[in-house]
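Asker:
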Amino acid sequence: DIVGLVILFGLTQYVNQMLSSQGPGTSAPNQESMNKIMPVMFSGMFLFFPLPAGVLIYIAVSNIFQTVQTYFLSREPLPENLLKMVEEEQKREERAARKEKGQKGGGRDALPFER
């Protein structure tokens with residue numbers, strides 16, 4: 090029974106990690122490998138250092154609720170004010186990248202009143 094709970098915990102943790110890392114800007118290779126390894130490490134830890142069944146059930150159920158919550162929140166579009174802020178940040182990053190390509194040294198950034 091405990092092995093089944095540990096496997097359930099590992100699966101729910103893995104699904105939760107994969108779903109949480111699907112957001113924009115989270116495609117770092119180190120983060121992806123960590124998301125795959127951590128559920129296996131925790132599941133192995135619980136096999137060698139067993140917890141009471143109630144604790145494993147609690148963790149697995151909370152992972153399921155968190156996964157469902159993350160799924161529904163990731164499908165919901167951003168409010169308009171947050172969407173505008175994200176677009177402005179992307180534009181600033183693009184301008185900064187263009188400035189870096191255009192400048193080959195000692196240039197300075199524009200001051201706020203110069204924009």
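Quick note: the sequence shown uses the numbering used here, first residue 90, plus one each step.
Note that CB positions come from ideal geometry on N, CA and C, so glycine has one too.
1) Per the contact definition of three or more C-beta pairs closer than 8 Å, is the segment 118-126 in contact with the segment 167-176?
2) I need the straight-line Cα distance from V175 to R181, nearest angstrom please.
3) Specify the secondary structure class of P166 as computed by DSSP and reduced to three states.
4) Got a sec, what are the start and stop residues for the alpha helix (DSSP H) F138 sits in?
5) Give every residue of the same chain whose Cβ lies closer than 7 Å to the Cβ of V150, excluding the five residues on either side of it in the sequence, and list them in chain order.
6) By the 10 Å Cβ neighbour count, where 16 or more other Cβ atoms means buried, how is V92 classified, buried or exposed?
7) Which residue comes first and which comes last in the alpha helix (DSSP H) that contains S205?
8) Indicate whether Q102 and P141 have their beta-carbon atoms separated by less than 8 Å.
Answerer: In short:
1) Output reads no: the segment 118-126 does not touch the segment 167-176.
2) Cα to Cα, the separation comes out at about 10 Å.
3) Here P166 carries a coil assignment [DSSP, helix/strand/coil].
4) Under the DSSP assignment, F138 falls outside any alpha helix (DSSP H); it carries neither an H nor an E label.
5) Sequence-distant partners of V150 (beyond 5 residues in either direction) whose C-beta falls short of 7 Å from its own C-beta are missing from its chain.
6) Its Cβ having fewer than 16 others within 10 Å, V92 is exposed.
7) With the chain running from 90 to 204 in the structure shown, residue 205 is simply not present.
8) Between Q102 and P141, the C-beta gap is not smaller than 8 Å, which leaves the two residues out of contact.
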